[in-house]
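Trainee: The following block contains the structure, expressed as structure tokens.
Numbering (my numbering), first residue to last: 13 to 68.
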């Protein structure tokens with residue numbers, strides 16, 4: 013995997029964890045929403061990595 017795709021995946025995962033941490037600190041986390049949003053976020057990251065892997 014190229015470093016661009018790795019950086020994208022790591023950055024998106026770090027952003028999601030940071031957002032969850034802020035949400036937990038300043039509000040009440042509804043884990044049903046997290047359970048719905050996590051797979052959607054993984055699909056978005058996967059599509060982004062696939063889009064970055066195409067040769068232009």
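Every residue gets a Cβ at the ideal spot worked out from N, C-alpha and C, and that includes glycine.
1) Beta-carbon separation of residue 20 and residue 52 under 9 Å?
2) Between the alpha carbons of residue 32 and residue 39, how many angstroms are there, rounded?
3) Could you compute how far the alpha carbon of residue 36 sits from the alpha carbon of residue 54?
4) Just the C-alpha distance for residue 49 and residue 16, rounded to the nearest angstrom, thanks.
5) Output yes or no for whether 9 Å exceeds the beta carbon distance between residue 24 and residue 60.
Mentor: Put simply:
1) no
2) 10 Å
3) 20 Å
4) 24 Å
5) yes
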